[in-house]
Structures are given as C-alpha cells and as structure tokens.
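Enquirer: Below is a structure I'd like to ask you about.
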Amino acid sequence: MTYRVCFVCTGNTCRSPMAEHVFRRHVEDAGLGGLVAVESAGTGVWREGEGANPRTVSVLEENGYASTHTARQFRASWFPALDLVIALDEGHLRELHRLARTPEDAARTRLLRSFDPAAGDALDVPDPYSGDREDYEKCLEMVEAASGGLLAAVRRELEERTP
1 MTYRVCFVCT GNTCRSPMAE HVFRRHVEDA GLGGLVAVES AGTGVWREGE
51 GANPRTVSVL EENGYASTHT ARQFRASWFP ALDLVIALDE GHLRELHRLA
101 RTPEDAARTR LLRSFDPAAG DALDVPDPYS GDREDYEKCL EMVEAASGGL
151 LAAVRRELEE RTP
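Using full-length UniProt numbering, you'd call the opening residue of the sequence shown number 1 and step up by one each time.
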C-alpha cells in the first residue's frame, strides 16, 4: 500500500509545491518512488488551477528540481487517504486541525521543520510570496534541511508496516 504525504501552505503556489518537489526527489533518490506518493495543496481556494509562483519555479529549476504544478485546495475528506499532512507554518497546522474530523486525522498533521533538528523552536517556513528572490532561496534551504528527517520518519513508518 502506498504511503501518502501531502504538503500544505496557503495558496499552494510557493512553499508547498517547493516542498512537494524537493521531497519527491528525496523519495526517488532513496529508491522509494514506488512506495511513497507526494502531493501538495493550499488552505485557500483563490489560487486553485494556477501554476506555481514564477519565483518558486525559477528557484526549483535552478536547483535541479522539477516544477510542474497546478494549485488546489486541501479538502478535509482527504485525511483518511493520507498518512502524513505536512503544514508549512503554525497557521496551516491550526487550519488543518480545524478541518480534521477525528483525532486520528489531527494526529496525521505535522510541521515540516519539526523534522529538522537544527530548526530549534523556529518551526515556521516563512511565506516568500511578498519577498524577493533571496526569500525563495531561504525557503528552499529550509525545505531541503527538513526533508532528510522527514524521509527518515517515512522510512521508519514503511518498515513498521512490513511484516
């Protein structure tokens, strides 16, 4: 059975697509592409159907990542099909907890930077939308720094599922 991870930010055009593409690369490089599905969504509907922000696309492509993306809104009905729902900041985490229909749904949500031991108490990935290119590059650095820890956690979950 496929292990499913969904990254969630506000509009699904900056942070969550960046996290989706970075983590997908980690999964593929680890040889887990057939076992782990990676996707993303936003808490809001206003960007649904749009591509990723051009600055997100630029930073991803310049760092060797794919960038094809179509924004969509997260739906509470998705929780049962997902193993992990990864919020990019505390506001998203609160919104996901609000949408969760059961304690099990809420337990599936985590902050991305909680998988980065160097993050300390600074667990939000700041929204680069109103910023400059440097803000997008910092966002990518934070996402990359947390992806290794997230991959290790997913790998442990997969091992626990295997008899």
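No residue lacks a Cβ here, since even glycine has one placed at the ideal position from N, Cα and C.
1) How long is the line joining the alpha carbons of A145 and D116, rounded to whole angstroms?
2) State the beta-bridge partners of L84 as determined by DSSP.
3) Quick one: grab the DSSP three-state call for G51.
4) So, with DSSP's three-state summary, where would you put T56?
5) Can you give the Cα-Cα distance for Y3 and E28, rounded to whole angstroms?
6) Tell me whether L35 sits in a helix, a strand or coil according to DSSP, three-state version.
7) What does DSSP give as the partner residue(s) for R110 in the beta ladder?
8) Compare the C-alpha of E157 against each of M18, V36 and T13 and name the closest.
9) Should D124 go down as buried or exposed, given a rule of 16 or more other Cβ atoms within 10 Å for buried?
10) Just reading off the alpha helix (DSSP H) that R133 is part of, what are its end residues?
Expert: Considering the structure as presented:
1) When the Cα atoms are used, A145 and D116 turn out to be separated by approximately 6 Å.
2) V5
3) coil
4) helix
5) Rounded to the nearest angstrom, the two C-alpha atoms are 13 Å apart.
6) coil
7) I86
8) Nearest C-alpha to E157: V36.
9) buried
10) R133 to R161
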